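If you read the sequences in order, they're chains U and Z. Per the working numbering, residue 1314 is the first one in the first sequence, and the count goes up by one each step. Per the working numbering, residue 3 is the first one in the second sequence, and the count goes up by one each step. Note that the Cβ used here is the ideal one computed from N, Cα and C, for glycine as well. The structure displayed is predicted, hence computed values, not measured ones.
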Amino acid sequence: EAGVTQFPSHSVIEKGQTVTLRCDPISGHDNLYWYRRVMGKEIKFLLHFVKESKQDESGMPNNRFLAERTGGTYSTLKVQPAELEDSGVYFCASSRSGRDEQFFGPGTRLTVL
Amino acid sequence: AQSVTQLGSHVSVSEGALVLLRCNYSSSVPPYLFWYVQYPNQGLQLLLKYTTGATLVKGINGFEAEFKKSETSFHLTKPSAHMSDAAEYFCAVSSRSSYKLIFGSGTRLLVRP
Chain U
1314 EAGVTQFPSH SVIEKGQTVT LRCDPISGHD NLYWYRRVMG KEIKFLLHFV
1364 KESKQDESGM PNNRFLAERT GGTYSTLKVQ PAELEDSGVY FCASSRSGRD
1414 EQFFGPGTRL TVL
Chain Z
3 AQSVTQLGSH VSVSEGALVL LRCNYSSSVP PYLFWYVQYP NQGLQLLLKY
53 TTGATLVKGI NGFEAEFKKS ETSFHLTKPS AHMSDAAEYF CAVSSRSSYK
103 LIFGSGTRLL VRP
């Protein structure tokens, strides 16, 4: 069984540009989460999808971040326009149900110059 | 609001020595508690979790943790460190009303030969 995959593994962009991160969850997992770790600090929750619906988006930092999960399969996280403080590692996780183990992807390292 | 504190951003032990990684949480109601490990260039992997029942929880790779409500702690231990245990370890909690994980800042374990 394939694990959670994320693309790209690394992205370097300039301030003001747009970046789109992609997450493919484990097949059959209805729950998909996005987390972010900035500059060696703690990993912070961004949002939670159940199928294609946003269950909890309380961690989204501002309206420059847009997450989608069309069709309830893969998810994208778009940052537009990117700012310096958006640099960090973005993790995606998925689980079969809400209380099941969350399986994490390897993350996307975003650097905004 | 819930929070997690991990004492020590870096812990160094000799191979064969006891591993003790500390985690304290703040929550008005006992939460669900987790330990995750991240090896280089990989996603987070669940080591063990506490939900209800027995307060001593055994996980993978010989790790265990004990939930102590009176001390609001969930410290991770392993009797004998192995070189392969070198990684970053994260303590996390989730409330009984939410599925999102709240992480500590992580502890990097170094194992000396």
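Just curious, the beta strand (DSSP E) that residue i is in, first and last residue?
{"i": "residue 1401 of chain U", "result": "1401-1408"}
{"i": "residue 1361 of chain U", "result": "1356-1363"}
{"i": "residue 79 of chain Z", "result": "75-80"}
{"i": "residue 1389 of chain U", "result": "1388-1392"}
{"i": "residue 7 of chain Z", "result": "5-9"}
{"i": "residue 36 of chain Z", "result": "34-40"}
{"i": "residue 1415 of chain U", "result": "Run containing residue 1415 of chain U: none; DSSP gives neither H nor E here."}
{"i": "residue 65 of chain Z", "result": "Note, residue 65 of chain Z: premise wrong, no beta strand (DSSP E); not H, not E."}
{"i": "residue 98 of chain Z", "result": "Segment: none, residue 98 of chain Z is in no beta strand (DSSP E) and carries neither H nor E."}
{"i": "residue 1383 of chain U", "result": "Taken as a continuous stretch (DSSP letters only), residue 1383 of chain U belongs to no beta strand (DSSP E), as it is neither H nor E."}
{"i": "residue 1375 of chain U", "result": "It is not in any beta strand (DSSP E) - residue 1375 of chain U carries neither H nor E in the DSSP assignment."}
{"i": "residue 26 of chain Z", "result": "21-28"}
{"i": "residue 31 of chain Z", "result": "Per DSSP, residue 31 of chain Z belongs to no beta strand (DSSP E) and is neither H nor E."}
{"i": "residue 1323 of chain U", "result": "1323-1326"}
{"i": "residue 44 of chain Z", "result": "Note, residue 44 of chain Z: premise wrong, no beta strand (DSSP E); not H, not E."}
How about residue i and residue j: do their beta carbons lie closer than 8 Å?
{"i": "residue 104 of chain Z", "j": "residue 1362 of chain U", "result": "no"}
{"i": "residue 68 of chain Z", "j": "residue 57 of chain Z", "result": "yes"}
{"i": "residue 48 of chain Z", "j": "residue 1414 of chain U", "result": "yes"}
{"i": "residue 77 of chain Z", "j": "residue 22 of chain Z", "result": "yes"}
{"i": "residue 101 of chain Z", "j": "residue 1382 of chain U", "result": "no"}
{"i": "residue 37 of chain Z", "j": "residue 61 of chain Z", "result": "yes"}
{"i": "residue 1385 of chain U", "j": "residue 1365 of chain U", "result": "yes"}
{"i": "residue 1416 of chain U", "j": "residue 1408 of chain U", "result": "yes"}
{"i": "residue 25 of chain Z", "j": "residue 13 of chain Z", "result": "no"}
{"i": "residue 31 of chain Z", "j": "residue 110 of chain Z", "result": "no"}
{"i": "residue 33 of chain Z", "j": "residue 96 of chain Z", "result": "yes"}
Round the Cβ separation of residue i and residue j to the nearest angstrom and send it over; I've been treating them as touching at under 8 Å.
{"i": "residue 1424 of chain U", "j": "residue 1400 of chain U", "result": "5 Å"}
{"i": "residue 88 of chain Z", "j": "residue 40 of chain Z", "result": "No, residue 88 of chain Z and residue 40 of chain Z are not in contact; Cβ-Cβ is about 11 Å, not under 8 Å."}
{"i": "residue 1330 of chain U", "j": "residue 1394 of chain U", "result": "7 Å"}
{"i": "residue 106 of chain Z", "j": "residue 44 of chain Z", "result": "About 19 Å separates the two Cβ atoms, so there is no contact after all."}
{"i": "residue 1328 of chain U", "j": "residue 1379 of chain U", "result": "About 18 Å; that fails the 8 Å criterion."}
Return the chain-ordered list of same chain residues with a C-beta closer than 6 Å to the C-beta of residue i, the five sequence neighbours on each side being excluded.
{"i": "residue 1333 of chain U", "result": "1389, 1391"}
{"i": "residue 1402 of chain U", "result": "1350, 1420, 1422"}
Looking only at its chain, what residues have a beta carbon closer than 7 Å to the beta carbon of residue i, apart from the 5 residues adjacent to it on each side?
{"i": "residue 1318 of chain U", "result": "1337, 1418"}
{"i": "residue 1372 of chain U", "result": "1357, 1358, 1359, 1360"}
{"i": "residue 17 of chain Z", "result": "83, 84, 85, 113, 114, 115"}
{"i": "residue 1325 of chain U", "result": "1424, 1426"}
Please list, in chain order, all residues of the same chain as residue i whose beta carbon is under 8 Å from its beta carbon, the five residues on each side excluded.
{"i": "residue 20 of chain Z", "result": "79, 80, 81, 82, 83"}
{"i": "residue 1352 of chain U", "result": "1400, 1401"}
Is there a Cβ of chain C sitting closer than 8 Å to that of residue i, yes or no?
{"i": "residue 1317 of chain U", "result": "The chain labelled as chain C is not found among the protein chains of the depicted structure, namely U and Z."}
Any residues in the stretch 35-65 of chain Z with a beta carbon nearer than 7 Å to a beta carbon of chain U? Which ones, in chain order? For the stretch 35-65 of chain Z, the residues whose beta carbon sits under 7 Å from a beta carbon of chain U are, in order, 43, 44, 45, 46, 48.
Under 9 Å (Cβ pairs) to chain U, residues found in the stretch 101-115 of chain Z: If you check each beta-carbon in the stretch 101-115 of chain Z against every beta-carbon of chain U, the ones closer than 9 Å belong to 101, 102, 103, 104, 105, 106, 107, 108.
What residues in the stretch 76-95 of chain Z bring their beta carbon closer than 7 Å to a beta carbon of chain U? Within the stretch 76-95 of chain Z, the qualifying residues are 92.
Proximal residues, the stretch 1325-1350 of chain U versus chain Z, C-beta separation under 9 Å: Residues are counted here when their Cβ sits less than 9 Å from a Cβ of chain Z; for the stretch 1325-1350 of chain U these are 1344, 1346, 1348, 1350, given in chain order.
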